[in-house]
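Asks:
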Amino acid sequence: MSYSMKWNLESIYPSVNSTELEEALSKWEKQIPELGQTIAAWDPEQDKPDYNKMKLIIDSLNKLQPEISEAGMFINGTLSADVNNGKAKTLLGRISVLYSELSTVTVPFYKKFALVSDEDWQSLLSLPEFKEFAFNLNEDREDAKKLLSEKEEALLSKLAVDGFQGWEQHYDTLVSKIEISVTDKEGQEQLLSAGQAENRMYNDPNPDVRASLFSKWEAVWENQADLFADTLNHLAGFRLTDYKAHGIYDFLEKPLKASRMRKETLDAMWQAISDNKAPFTSYLSRKAALLGKDKLGWQDVEAPVTVGNSEPKSYTFDEGAAFIIENFRNFSEKMADFAKMAFENRWIEAEDRPGKAPGGYCAELPVSKESRIFMTYSNSPGEVATLAHELGHAFHNHVIFDLPYLKQHFAMNVAETASTFAELVVSDATVKSAISNEDKIALLDTKIQNSLAMFLNIHARFIFESNFYREREKGLVSAERLNELMEEAQKEAYQDSLASYHPSFWASKLHFYISGISFYNFPYTFGYLFSLGIYAQALESGSNFEDQYIALLQDTGSMNTEDLAKKHLNVDLTSTDFWVKGINIIKEDIQTFIELTESYIPE
Numbered sequence: 001m002s003y004s005m006k007w008n009l010e011s012i013y014p015s016v017n018s019t020e021l022e023e024a025l026s027k028w029e030k031q032i033p034e035l036g037q038t039i040a041a042w043d044p045e046q047d048k049p050d051y052n053k054m055k056l057i058i059d060s061l062n063k064l065q066p067e068i069s070e071a072g073m074f075i076n077g078t079l080s081a082d083v084n085n086g087k088a089k090t091l092l093g094r095i096s097v098l099y100s101e102l103s104t105v106t107v108p109f110y111k112k113f114a115l116v117s118d119e120d121w122q123s124l125l126s127l128p129e130f131k132e133f134a135f136n137l138n139e140d141r142e143d144a145k146k147l148l149s150e151k152e153e154a155l156l157s158k159l160a161v162d163g164f165q166g167w168e169q170h171y172d173t174l175v176s177k178i179e180i181s182v183t184d185k186e187g188q189e190q191l192l193s194a195g196q197a198e199n200r201m202y203n204d205p206n207p208d209v210r211a212s213l214f215s216k217w218e219a220v221w222e223n224q225a226d227l228f229a230d231t232l233n234h235l236a237g238f239r240l241t242d243y244k245a246h247g248i249y250d251f252l253e254k255p256l257k258a259s260r261m262r263k264e265t266l267d268a269m270w271q272a273i274s275d276n277k278a279p280f281t282s283y284l285s286r287k288a289a290l291l292g293k294d295k296l297g298w299q300d301v302e303a304p305v306t307v308g309n310s311e312p313k314s315y316t317f318d319e320g321a322a323f324i325i326e327n328f329r330n331f332s333e334k335m336a337d338f339a340k341m342a343f344e345n346r347w348i349e350a351e352d353r354p355g356k357a358p359g360g361y362c363a364e365l366p367v368s369k370e371s372r373i374f375m376t377y378s379n380s381p382g383e384v385a386t387l388a389h390e391l392g393h394a395f396h397n398h399v400i401f402d403l404p405y406l407k408q409h410f411a412m413n414v415a416e417t418a419s420t421f422a423e424l425v426v427s428d429a430t431v432k433s434a435i436s437n438e439d440k441i442a443l444l445d446t447k448i449q450n451s452l453a454m455f456l457n458i459h460a461r462f463i464f465e466s467n468f469y470r471e472r473e474k475g476l477v478s479a480e481r482l483n484e485l486m487e488e489a490q491k492e493a494y495q496d497s498l499a500s501y502h503p504s505f506w507a508s509k510l511h512f513y514i515s516g517i518s519f520y521n522f523p524y525t526f527g528y529l530f531s532l533g534i535y536a537q538a539l540e541s542g543s544n545f546e547d548q549y550i551a552l553l554q555d556t557g558s559m560n561t562e563d564l565a566k567k568h569l570n571v572d573l574t575s576t577d578f579w580v581k582g583i584n585i586i587k588e589d590i591q592t593f594i595e596l597t598e599s600y601i602p603e
């Protein structure tokens, strides 16, 4: 089967220049103020005991929010696929204003939740129309208690368009101009986008190519370090000011709330990882020996390992698709059928070409009840795993689209659970598909790299961001100091086991510049370890797993993380015991890698 590597956005809107999109934007620009007037006139006291007007307002929001969200995804997706699309850039600003205005008109609605007496609130939640959403409505009511006055919230929301969100868009513009010159095999000069250069820098089997690209990579971010430092400082500054205005003085409070998890859970997870890093540094040391080095450089950590007569495993896009579908089917017919549908319906943008944004993501289309996946595919086993990861996100979206819209908002950390589970299925399968020990070593290395990213790279990001926010609370942080903080965090996370580090990583990593939420790092590690627990259960459950798994995913929009784990896995996330069990699974992979490679170490 041959699949297109270019996605289909035309089924959403014909183009960013289309009449359909313009009419939709104009319609929402009229509907939002009208909804605001309805909310302003709503009196909870007069609406009881049936709260029919409240139900109508919620119905209106449940129609408007997904429609605007879908248009936003279309515009952002268009820009990701073509970073030089001027019309998409303009419309991104317009959609940001719509988000801001919708947020502004809903403030008084949620503030009125907080004014309802506890007794009346419980009566409201007992009504059939609201009982199903009790968890979500309680969240909204608690959040409302920290809201400022309507005028202040409206002002903050408007300022965020050109401030908060503006700085994020400024970062995207800076990155879109990044180009790195390389010489191809024919000796011709070639300009690579940031995304293309990053893929080649980490995946090229030639150490000289990796080293040369890494040097150029560091230089290109360093050349604009002051611009990136300004951007990061202002994003964080806006966020901290917003926090303080709302009485929030711990910069982790909002990220933890966004993940619906407790600080005790986060602490237990990092403690378990910090106590169990020795196997990972042993792996890095062994990999260095296999590559003929005393220590790995930063650019070597993800480099392919080939021993004996083994050649780096390669999967064309079609081969990768077939492999994913086949191995999803071992765990879930529904996952496999879903993935096949996504490939056939062109939901994936994977072509390797200039002019694309770096990185990858999965975006939901709540009106169409579809998803779209963006990435730059490069034929490696790691890219197959990444593609499976994004399809895991899409499957999560798929199983909740039939739920009421209020129950479709799952937290950041569990958002990474379905994706990482899908990635684990495929990574495990690639190792098992090896026909020789030499092939198995190469594929096991790819699988362990992902664990390494979750336990060391993500830990470095968390340490850096924590230290950066502590210093940003006191004032601006210079580019030079950001480099120092980044390298210190990497040395701590990697236990000083590398020969070189990536001080400008803070500039090159998109996740630090997302305006919607800070600390988009620990949710990945949580999702990875949580999915290991689910994966272990899947291996034990056999045919019963599919329905159990879907039930867990469908609960992610209406439960706290700790309650979700207790209900579906019967585990306590605030104990290091659960996290250590997941880490032990990876330790087994590392031990196998060490044993298999013993005879291949150069004399």
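For the sequence shown, this note's numbering gives the first residue as 1, with consecutive numbering after it.
In this text, a Cβ means the ideal position worked out from N, Cα and C, and glycines have one as well.
Which parts of the region 306 to 386 are runs of the beta strand (DSSP E), unbroken and 3 residues or longer, counting only runs that do not cross its ends?
Replies: Listed in chain order, the complete beta strand (DSSP E) runs (minimum 3 residues) inside the region 306 to 386 are 361 to 365, 370 to 374.
Asks: In chain order, what residues of the same chain lie with their CB nearer than 6 Å to the CB of Ala536, ignoring the 5 residues before and after it?
Replies: Within the sequence shown, the letter at position 536 stands for residue 536. Once the five neighbours on either side are set aside, Ala536 has no close Cβ partner at all.
Asks: Quick one: what does DSSP say Ser181 is sitting in, helix, strand or coil?
Replies: Against the sequence shown, residue 181 aligns to sequence position 181. The answer is strand: DSSP assigns Ser181 an E or B state.
Asks: Is Leu424 helix, strand or coil when you go by DSSP?
Replies: Working through the sequence shown from its first residue, we reach residue 424 at position 424. Note: Leu424 maps to helix in three-state DSSP.
Asks: Output yes or no for whether 8 Å exceeds the beta carbon distance between Thr417 and Ile534.
Replies: Stepping through the sequence shown from its first residue, residue 417 is reached at position 417. Stepping through the sequence shown from its first residue, residue 534 is reached at position 534. Cβ atoms of Thr417 and Ile534: closer than 8 Å.
Asks: Name the two residues that bound the continuous alpha helix (DSSP H) containing Ser96.
Replies: In the sequence shown, counting from the first residue as 1, residue 96 sits at position 96. Looking at the DSSP string, the run of the alpha helix (DSSP H) that includes Ser96 is 86 to 115.
Asks: Specify, as a first and last residue, the run of the alpha helix (DSSP H) that Ser26 falls within.
Replies: In the sequence shown, counting from the first residue as 1, residue 26 sits at position 26. That run of the alpha helix (DSSP H) goes 19 to 41.
Asks: Give every residue of the same chain whose Cβ lies closer than 6 Å to the Cβ of Glu129, excluding the five residues on either side of it in the sequence, and list them in chain order.
Replies: Position 129 of the sequence shown holds residue 129. Lys55, listed in sequence order.
Asks: Along the chain, where does the alpha helix (DSSP H) that runs through Leu476 open and close?
Replies: To locate residue 476, count along the sequence shown from 1; it is residue 476. Run containing Leu476: none; DSSP gives neither H nor E here.
Asks: For the alpha helix (DSSP H) that contains Ala224, what are its first and last residues?
Replies: Indexing the sequence shown from 1 puts residue 224 at position 224. The amino acid at residue 224 is misidentified as Ala; the sequence shows Gln. From DSSP, Gln224 is part of no alpha helix (DSSP H); its letter is neither H nor E.
Asks: Assuming Gln554 is part of the alpha helix (DSSP H), what are its boundary residues?
Replies: As a position in the sequence shown, residue 554 is number 554, starting the count at 1. Taken as a continuous stretch (DSSP letters only), the alpha helix (DSSP H) holding Gln554 covers 545 to 555.
Asks: Any idea what DSSP makes of Leu485, helix, strand or coil?
Replies: Mapped onto the sequence shown, residue 485 falls at position 485. Note: Leu485 maps to helix in three-state DSSP.
Asks: Which of the three DSSP states, helix, strand or coil, is assigned to Leu156?
Replies: Here residue 156 refers to the residue found at position 156 when the sequence shown is read from its first residue. Looking at Leu156 - three-state DSSP - the assignment turns out to be helix.
Asks: For Arg286 and Ile594, what's the separation of their Cα atoms in angstroms?
Replies: Within the sequence shown, residue 286 is the residue found at index 286, counting from 1. Within the sequence shown, residue 594 is the residue found at index 594, counting from 1. Spanning the two alpha carbons is a distance of roughly 7 Å.
Asks: Taking Phe280 as the reference, give the member of Ile590, Ser466, Pro523, Pro44 with the closest Cα.
Replies: For the purposes of this step, residue 280 is taken as the residue at position 280 of the sequence shown. Closest option to Phe280, Cα to Cα, is Ile590.
Asks: Given that a residue counts as buried once 16 or more other Cβ atoms are within 10 Å of its Cβ, and exposed if not, what is Ser599?
Replies: Residue 599 sits at position 599 when you count from the first residue of the sequence shown. Looking at its Cβ environment, which holds fewer than 16 other Cβ atoms inside 10 Å, Ser599 is exposed.
Asks: Leaving aside the five residues before and after Ile57 along the sequence, list all residues of the same chain whose C-beta is less than 7 Å from its C-beta, in chain order.
Replies: For the purposes of this step, residue 57 is taken as residue 57 along the sequence shown, with counting starting at 1. Thr38, Ile39, Trp42, Phe109.
Asks: What residue range is occupied by the uninterrupted beta strand (DSSP E) comprising Glu189?
Replies: Here residue 189 corresponds to residue number 189 of the sequence shown, with the count starting at 1. Element bounds for Glu189: 189 to 193.
Asks: Consult DSSP for Phe519 and reduce its assignment to one of helix, strand or coil.
Replies: Translated into positions along the sequence shown, residue 519 becomes position 519. Three-state DSSP puts Phe519 in coil, outside helix and strand.
Asks: When you compare only the Cα positions, how much space is there between Asn413 and Ser259?
Replies: Here residue 413 refers to the residue found at position 413 when the sequence shown is read from its first residue. Here residue 259 refers to the residue found at position 259 when the sequence shown is read from its first residue. C-alpha separation (whole angstroms): 5 Å.
Asks: Going by alpha carbons, who is nearest to Lys48 out of Lys89, Ser126, Val105, Thr78?
Replies: Position 48 of the sequence shown holds residue 48. Minimum Cα distance to Lys48 is reached at Ser126.
Asks: Specify the secondary structure class of Phe530 as computed by DSSP and reduced to three states.
Replies: For this step, residue 530 is matched to residue 530 along the sequence shown. DSSP places Phe530 in helix when its eight states are reduced to three.
Asks: Mapping the DSSP letters down to three states, classify Glu10 as helix, strand or coil.
Replies: For the purposes of this step, residue 10 is identified with residue 10 of the sequence shown, where counting begins at 1. Coil, per DSSP.
Asks: What's the gap between the Cα of Glu639 and the Cα of Ser69?
Replies: Nothing can be reported for residue 639, as the shown portion of the chain is limited to 1 through 603.
Asks: Just verifying my parser: in three-state terms, what is the DSSP assignment at Tyr681?
Replies: The structure shown does not extend to residue 681, since the chain is modelled only from 1 to 603, so the question has no answer here.
Asks: Can you list, in chain order, the residues of its chain with a C-beta nearer than 6 Å to that of Glu302? Leave out the 5 residues immediately preceding and following it.
Replies: Taking the first residue of the sequence shown as 1, we reach residue 302 at position 302. Taken in chain order, the residues that qualify are Tyr202, Gln449.
Asks: Give the DSSP-derived three-state secondary structure of Leu266 in the structure shown.
Replies: Reading the sequence shown from its first residue, position 266 is the one you call residue 266. If DSSP states are grouped into helix, strand and coil, Leu266 belongs with the helices.
Asks: For the candidate residues Ala551, Trp221, Ala499, Ala479, whose alpha-carbon lies nearest to that of Asp234?
Replies: As a first step, residue 234 is located in the sequence shown; it is residue number 234 there, counting from the start. With the sequence shown as reference, residue 234 is identified as His, and Asp is not the correct amino acid for it. The residue with the shortest Cα to Cα distance from His234 is Ala479.
Asks: Identify whether Met73 lies in helix, strand or coil by the three-state DSSP scheme.
Replies: Counting from 1 along the sequence shown, the entry for residue 73 is found at position 73. Of the three classes helix, strand and coil, the one that applies to Met73 here is helix, per DSSP.
Asks: I think Lys407 touches Ser558, with their Cβ atoms under 8 Å apart; what is that distance to the nearest whole Å?
Replies: As a first step, residue 407 is located in the sequence shown; it is residue number 407 there, counting from the start. As a first step, residue 558 is located in the sequence shown; it is residue number 558 there, counting from the start. The Cβ separation is near 5 Å, so the contact holds.
Asks: Would you kindly work out how many angstroms separate the C-alpha atoms of His511 and Ala194, rounded to a whole number?
Replies: Counting from one through the sequence shown, the residue named residue 511 turns up at place 511. Counting from one through the sequence shown, the residue named residue 194 turns up at place 194. The straight-line gap from Cα to Cα measures roughly 15 Å.
Asks: For the structure I just gave you, are there three or more beta carbon pairs, one from the region 423 to 437 and one from the region 261 to 279, closer than 8 Å?
Replies: In short, these stretches do not touch, since the Cβ pair count stays below three.
Asks: Could you pull out every residue in the same chain whose Cβ sits closer than 6 Å to the Cβ of Glu423, ignoring the five residues on either side in sequence?
Replies: Sequence index remark: in the sequence shown, residue 423 carries index 423 (1-based). These residues qualify, in order along the chain: Ala385, Ala388, His389.
Asks: How is Arg260 classed by DSSP in three states: helix, strand or coil?
Replies: Within the sequence shown, the letter at position 260 stands for residue 260. Three-state DSSP puts Arg260 in coil, outside helix and strand.
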